[in-house]
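Asker: Residue 18 is where the sequence shown starts when you use the numbering used here, and the numbers rise one by one after that.
Ideal placement from N, C-alpha and C gives every residue a C-beta, glycine not left out.
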Amino acid sequence: MQSFAQLADQFNQFFDRDHFPSSPTSLYEPNRHFLQLGGKRIRPLLCLMGNELFSSIHPSTWEAATAIELFHNFTLIHDDIMDKAPLRRGVQTVHEKYGNNTALLAGDVMMIKAYSYLSKVPAASLPAILSLFNKTAIEVCEGQQLDMDFEKQVEVSFASYLEMIEKKTSVLLAAALMIGAILGGASERNQHLLYSFGLKLGLAFQVQDDYLDAFGDPSKFGKLVGGDILADKKTFLLIHALDTADTSARERLQYWQGRQDESKIAEVLSIYKSCQIDEWALQLKQQFLDQALSDLDQIAVVSSRKQPLLSLADYLIQRQV
């Protein structure tokens with residue numbers, strides 16, 4: 018079994034090549050620009066790890082992992098357009114550098130290229146993988162739409178936010194693992210247990226993300242702590258605070274919605290602390306992680322094969338950035 022770092026090195030060598038033709042340059046250069054930004058590439062690595070949990074990595078799994086990474090980058094290009102984001106990883110976003118119309122087309126062609134890589138999996142596995150990939154792609158779009166809908170809503174229920182995070186973030190992690198499991202020859206029961214592990218791990222990952230934005234160490238976090246508060250983002254923290262705060266604290270939270278005063282972050286964090294939102298978030302993260310680990314524990318392979326996924330889960334959930 019290989020570690021996450023070892024697989025990352027191998028995947029980066031496989032992936033870091035030119036995926037697009039030379040012409041028209043105006044269409045394909047934006048995608049080269051975007052892919053050069055790199056990233057953690059967690060999703061394709063989950064695909065490889067899902068395969069290696071059950072067998073040695075099948076050559077076509079590298080192609081499927083490439084498809085997953087290209088699909089993820091397509092969603093980022095389009096998300097940046099919708100969010101009007103000027104920067105991605107400190108560099109100009111595609112729409113800022115090349116214009117909205119070209120960014121739309123660049124994202125579209127990246128998604129189509131993802132399908133061309135996916136088609137390289139063995140014919141016997143293709144129907145199941147394509148069905149899962151299509152289902153996941155639709156759910157990711159649904160999750161993005163729900164996220165945009167929530168921006169216009171005064172209040173969002175915990176159940177609705179959970180559904181949005183599952184679709185926008187978790188399902189692609191889960192599908193990456195399951196595609197790898199299919200190519201690794203896993204039984205249907207093991208495939209679905211691994212999918213559930215990825216789904217719950219994705220939820221724990223998002224809780225940690227929300228927590229770090231509010232309570233992270235600024236010297237480690239790498240960006241402004243409280244950015245979600247300033248942007249009035251609906252997060253696990255805000256939703257639970259509104260659900261559980263007393264009348265006075267709830268009114269203070271509602272007062273700060275839509276305001277951009279320099280004291281906003283400190284005031285909202287003070288309310289969170291008084292409601293013990295920080296402790297609740299850590300408990301919720303652990304709850305999702307425990308559910309994920311329970312699914313992994315039930316997968317019928319020797320325990321030693323699960324160690325890389327256990328290590329990755331620990332890294333994702335304990336990270337400070």
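Return helix, strand or coil for Gln170, following the three-state DSSP convention.
Answerer: Gln170 falls in the coil class under three-state DSSP.
Asker: Which same chain residues, not among the five before or five after Ala120, have their C-beta less than 7 angstroms away from its C-beta?
Answerer: The answer, listed in chain order, is Pro47, Ile94, Ile98, Val111, His112.
Asker: Could you spell out where the alpha helix (DSSP H) holding Arg58 opens and where it closes?
Answerer: Taken as a continuous stretch (DSSP letters only), Arg58 belongs to no alpha helix (DSSP H), as it is neither H nor E.
Asker: Assuming Ala258 contacts Gly243 (C-beta within less than 8 angstroms), just tell me the rounded distance between them.
Answerer: That belief does not hold up - the Cβ atoms of Ala258 and Gly243 are roughly 14 angstroms apart, past 8 angstroms.
Asker: Grab me the residues of Leu87's own chain with a C-beta within less than 8 angstroms of its C-beta, minus the 5 sequence neighbours each way, in chain order.
Answerer: Answer for Leu87: His36, Met127, Met128, Lys130, Ala131, Tyr134, listed in chain order.
Asker: Taking just the CA atoms, how far does Glu268 sit from Ser320?
Answerer: About 51 angstroms.
Asker: So if DSSP puts Leu104 in a beta bridge, which residue, or which two residues, is it bridged to?
Answerer: Answer by DSSP bridge pairing, in chain order: Gln109.
Asker: Residues in its own chain within less than 6 angstroms of Gly201 by CB, not counting five upstream and five downstream?
Answerer: Within the same chain, Gly201 has close Cβ partners Asn68, Phe71, Ser72.
Asker: If you follow the alpha helix (DSSP H) that Gly215 is part of, which residue opens it and which one closes it?
Answerer: Per DSSP, Gly215 belongs to the alpha helix (DSSP H) from 205 to 232.
Asker: Taking its Cβ as the centre, do 16 or more other Cβ atoms sit within 10 Å of Ser148, making it buried, or is it exposed?
Answerer: Classification for Ser148: exposed.
Asker: With contact counted as at least three CB pairs below 8 angstroms, one residue from each stretch, are the segment 99 to 110 and the segment 209 to 216 in contact?
Answerer: No, because fewer than three Cβ pairs between the segment 99 to 110 and the segment 209 to 216 fall closer than 8 angstroms, the two stretches do not touch.
Asker: Excluding the 5 residues preceding and the 5 following Phe305 in the sequence, name in chain order all residues of the same chain whose CB lies nearer than 7 angstroms to its CB.
Answerer: Excluding sequence neighbours, Phe305 sits near Lys217, Leu220, Ala221, Val224.
Asker: If you compare alpha carbons, which of Arg322, Asp307, Pro144 is closest to Asp331?
Answerer: Nearest C-alpha to Asp331: Asp307.
Asker: I think Ala82 touches Pro61, with their Cβ atoms under 8 angstroms apart; what is that distance to the nearest whole Å?
Answerer: That pair is a contact at about 4 angstroms.
Asker: Which term fits Asp164, buried or exposed, when burial requires 16 or more other beta carbons within 10 angstroms of its beta carbon?
Answerer: Result: buried.
Asker: Tell me whether the segment 278 to 287 and the segment 38 to 52 touch, counting them as touching only if at least three CB pairs, one residue from each stretch, are closer than 8 angstroms.
Answerer: The segment 278 to 287 vs the segment 38 to 52: no contact.
Asker: Given this structure, state the Cα-to-Cα distance separating His75 from Phe175, to the nearest angstrom.
Answerer: So the alpha carbons of these two residues sit roughly 40 angstroms apart.
Asker: Hey, Ile294 and Leu247 are a contact pair by Cβ (cut 8 angstroms); roughly how many whole angstroms apart?
Answerer: Not really, about 17 angstroms apart at Cβ, beyond 8 angstroms.
Asker: When the Cα of Ala140 is compared with those of Lys250, Ser77, Trp273, which residue comes out closest?
Answerer: Closest option to Ala140, Cα to Cα, is Ser77.
Asker: For the putative contact between Ile196 and Ile146, defined by C-beta atoms under 8 angstroms, what is the C-beta separation to the nearest angstrom?
Answerer: About 5 angstroms; that satisfies the 8 angstroms criterion.
Asker: Nearest CA to the CA of Gln27: which residue from Arg58, Arg49, Tyr45?
Answerer: With distances taken between Cα atoms, Gln27 lies closest to Arg58.
Asker: Could you pull out every residue in the same chain whose Cβ sits closer than 7 angstroms to the Cβ of Thr92, ignoring the five residues on either side in sequence?
Answerer: Once the five neighbours on either side are set aside, the close Cβ partners of Thr92 are Val157.
Asker: Does the Cβ-Cβ distance between Glu80 and Lys137 come in under 8 angstroms?
Answerer: Their beta carbons are under 8 angstroms apart, which means Glu80 touches Lys137 by this criterion.
Asker: Would DSSP call Gly116 helix, strand or coil?
Answerer: In the structure shown, Gly116 sits in coil (DSSP, three-state: anything other than H, G, I, E or B).
Asker: Assign Asn90 to one of two classes, buried (16 or more other C-beta atoms within 10 Å of its C-beta) or exposed (fewer than that).
Answerer: Answer is buried; the Cβ neighbour count reaches 16.
Asker: Kindly indicate the opening and closing residues of the alpha helix (DSSP H) around Glu183.
Answerer: From DSSP, Glu183 is part of no alpha helix (DSSP H); its letter is neither H nor E.
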